Every structure is written in structure tokens, then in C-alpha cells.
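Take the sequence shown: its position 158, counting from 1, is numbered 158 in UniProt numbering, and each next residue is one higher. The next block holds one structure in the form of C-alpha cells; read it before the comments.
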Amino acid sequence: MQRITKKYYFSLIQKVDNYDCLHINPQSLDKYLVNQSLLQQKLEQILQDSINKNLNAIWLRLDKHQLNLSQLISDLGFQMHHCTQEYLLFSLWLQKEPSRLPNYASHKIILQYYLINSKNQIFLIDDKMPIQDVDDSSLIPIMAQTYFKQNYNINIQPLYICDLNQSINSNIMITLKCQLLEQERNQDNFVNKTISGFDQRYEINSFDKYIIYKKCL
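Okay, here's the thing in C-alpha cells:
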């Protein structure tokens, strides 16, 4: 979970994340669209304050209507990280060592859980298998155990990755097959039904579980 600390330096809203990087709220830049000299003073103060606090980096996003500020941001040493149809993101690495800022991610990795009990019933929430975003600081089996314990108070055993596919919007879906450890409790969401196409596909791909798992690592 991200640690969010909001501070108000000269009316520019900021937060510091878990990686000691400062994020400037783009909405707070609107008031300076017609007064760039004042914005420059405030950003210079924030930059010096961030260095004094030994922060690692500063992230600053410009929305489409704020692009006239891009030259000012560049002149202060910020580099363009990436842009989309909606915004332009700048970053500034503050440490002397080489930058550890990540490149722009083109894919989102999502975990989908295929959980069964001893009766081979499937765990479904609103007729769907439970999913969560992948945390880049955790191992997939540990994420699975933590997810079910925190959200449903059940203990599970991760078995293997049984499917890996890429969706139309470039997201990567990893399906992890798991087994319930405590059969006597929490059976409410286990239903005796199949999901179209999934069971057969899982059976076909199960022999590739080690190859698929190696690719994911």
C-alpha cells in the first residue's frame, strides 16, 4: 500500500511515495498557467527542499491544457519520461548515483485465481474468478496466500500457473491454480459450475506449467 503524505508547499500539492519520490499534483499547477515566473520560484524551492530531505526523485505531470509549461519544466532540469494522449510526464532524479527510475510500462500484469476445494467446486465472486494487480515487490504464491487470507479469511495452497494470455489492451493475465486448505469453513463462494472454455484449456495447458512459470519469472 502506498504511503501518502500530503504537504502544501506554496500551494503546490505534493505527496511522497514508498520509494521516497515526490509527486506534484497537476491540478495545483493550473493557477500558474498565466504566471510562469512565480511557478519557477516555487518549483525551485521544492527542488531544493527535496534535495535537503534526500528524496530520490520528483515526478511532475502536465495535462493537455498545461503543455505551455513544458519549456519551463525542462529548463529546471526535468526530463520527459513518457506521454500519452492525455498527459506528459516529467521526472527528475536527485541522487548522484545513476537513475533507478523505471521506464514507462507498456503492460499491466494481473493475477487471476482459479481456486478449487476438495469437491472440485470453483471459487467465484459475482460469477467471476477473483483477480488482483501484481505487486512488483512480492512473489506470486505469497501474493495469493495473502490475498485470500486478508479478503476472505481462508487458507490456500498455490499449485501452479495454469494459463498465461494477453488481452486486447496489452494487459497480461496470469492464472494461478490454487487449492483450499480448510475444507470445513468459508464455502459460501464455492459453486458447482464450470466457466466456459476454462476447464478444458487448463487441462490442456497444465503439462506446460513449468515452462509457463519459467517465462513469467
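Cβ coordinates follow ideal geometry from the N, Cα and C atoms, glycine included. This structure is a prediction, so every number in the text was calculated from the model and none was measured.
Among N52, P102, N117 and Q36, which one has its Cα closest to the Cα of M80? Closest by alpha carbon: P102.
Measuring straight from C-alpha to C-alpha, what distance separates A144 and C178? So the alpha carbons of these two residues sit roughly 8 Å apart.
Taking the Cβ atom as the reference point for each residue, do S50 and L12 lie within a distance shorter than 8 Å? For S50 and L12, no; Cβs fall outside 8 Å.
Under 7 Å Cβ to Cβ from Q121, same chain only, skipping five residues before and after it: list those, please. Counting only residues of its own chain and dropping the five nearest sequence neighbours on each side, Q121 has a CB closer than 7 Å to the CB of F190, V191 and N192.
Where M143 sits in the DSSP three-state scheme: It is helical.
Using a Cβ-Cβ distance under 8 Å, would N103 count as near chain B? Absent from the structure is chain B; it holds one protein chain and no more.
Could you check how far apart the C-beta atoms of N56 and Y19 are, in whole angstroms? I think they sit under 8 Å. Under the criterion of beta carbons closer than 8 Å, N56 and Y19 qualify as touching, at roughly 6 Å.
Please give me, in chain order, every unbroken run of the beta strand (DSSP E) with length at least 3 that falls completely inside the stretch 104-136. As far as the stretch 104-136 is concerned, its whole beta strand (DSSP E) runs of at least 3 residues are 109-116 and 131-133.
Cβ neighbours of I172 in the same chain (closer than 8 Å, five flanking residues each side left out): If you ignore the 5 residues before and after I172, its C-beta comes within less than 8 Å of the C-beta of H107, K108, I109, I110, L164, N165 and Q166, all in its own chain and listed in chain order.
Whole-angstrom C-beta distance between L176 and residue 234, which should lie under 8 Å: One cannot answer for residue 234 here, as it falls past the ends of the chain, which runs 1 to 217.
Nearest to M129 by alpha carbon, out of Q36, D63, L139 and I174? Nearest option by C-alpha distance: I174.
If we ignore side chains and look at the alpha-carbon of each, how far apart do I46 and K53 end up? I46 and K53 have their C-alpha atoms some 10 Å from each other.
What did DSSP end up calling F148 once you bin it into helix, strand or coil? DSSP, read as helix, strand or coil, puts F148 in helix.
Suppose the cutoff is 8 Å on Cβ atoms and the five residues either side in sequence are ignored; what does the same chain contact list for I140 look like? If you ignore the 5 residues before and after I140, its C-beta comes within less than 8 Å of the C-beta of L111, V134, P158, I161, I174, L176 and C216, all in its own chain and listed in chain order.
Between which two residues does the alpha helix (DSSP H) carrying D75 extend? Element bounds for D75: S70 to D75.
How many Å lie between V16 and K119 at the Cα? Put simply, the backbone Cα of V16 is about 48 Å away from that of K119.
C-beta atoms of N68 and L33 nearer than 8 Å: Result yes, Cβ atoms of N68 and L33 sit closer than 8 Å.
Looking at L89 and R61, is the spacing between their C-beta atoms short of 8 Å? In contact: R61 and L89 (Cβ atoms closer than 8 Å).
Can you tell me where the alpha helix (DSSP H) with K64 in it begins and where it stops? Bounds of any alpha helix (DSSP H) do not take in K64, whose DSSP letter is neither H nor E.
Alpha-carbon to alpha-carbon, L115 and S196: Low confidence applies here, because S196 scores a pLDDT of 49, under 50, leaving its location unreliable; read the following figure in that light. S196 and L115 have their C-alpha atoms spaced approximately 16 Å apart.
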